[in-house]
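Single-structure report; data block below.
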Amino acid sequence: MDDLRLSHEHLPDDVTHVVAEGRLDVFTHPLFRECSAELTILGHVWLVIDLTRVEFMDTSGVAVLNGARNRASAHGGALAVVCHDDGRGKPHRIIRLSRWGPTYDTVERALEVLARARSDFEADC
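Residue numbers for the sequence shown follow my numbering, beginning at 19 and rising by one.
See below:
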């Protein structure tokens, strides 16, 4: 069983970039859930979740992504997922992550989408 490694960095405009590496599955999803919940508690609710280094992901991974998205949304934020559609993205295609919601090929594209979502959110306030 490979481990899940998580790192994050805070970017401009209050966006937090979370990088997952390894396996996101039934054995490792509690670590991801804990990390994303802690970030939300600390007020980091604009999240880019980078799965480009995830080698394997099962439905447990989708469930924790959904939970992270719901927590961010409940606190006035949003979540964008980055994953490739090349050979490294194969686990995401197998579980049909694209059916869960939009995914983006690059962090830059995900940041653009979050900036638009934030602008829309602030205009509604």
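Using N, Cα and C, we set each Cβ at its ideal position, and we do this for glycine too.
Start-to-end residues for the alpha helix (DSSP H) that takes in residue i
i   : result
G79 : 77–92
L60 : Segment: none, L60 is in no alpha helix (DSSP H) and carries neither H nor E.
Beta-carbon proximity of residue i to residue j, cut-off 9 Å
i   : j    : result
T77 : V100 : no
R87 : G119 : yes
L22 : L49  : yes
G94 : F139 : yes
DSSP state of residue i mapped onto helix, strand, coil
i    : result
H35  : strand
L49  : helix
D138 : helix
R106 : Residue confidence is low: R106 scores 49 on pLDDT, short of 50, so the model does not pin down where it sits. Its coordinate-derived value is still stated next. Helix.
Among the options, nearest to residue i - alpha-carbon criterion
i   : options             : result
T70 : L49, A55, A98       : A98
D68 : D138, A81, V36      : V36
H62 : L29, G79, D142      : L29
V82 : C53, L60, E73       : C53
L57 : S25, M75, A141, V44 : S25
F45 : A128, A141, F74     : F74
Cut-off 7 Å between Cβ atoms - residues of its own chain near residue i, not counting five sequence neighbours on either side
i    : result
G107 : Note on G107: pLDDT 48, under 50, position unreliable in the model; no value is reported.
A96  : W64, A90, L132, A135
A55  : R89
D43  : F74, M75, D76, S78, G79
N-terminal and C-terminal residue of the beta strand (DSSP E) that residue i is part of
i   : result
V44 : Taken as a continuous stretch (DSSP letters only), V44 belongs to no beta strand (DSSP E), as it is neither H nor E.
H28 : 22–29
Same chain only: Cβ atoms within 6 Å of residue i, ignoring 5 sequence neighbours per side
i   : result
D32 : W64
Chain-order list of residues whose beta-carbon lies under 8 Å from that of residue i (same chain, five-residue window excluded)
i   : result
A38 : L22, R23, L24, F50, I67, D68, L69, R71, V72
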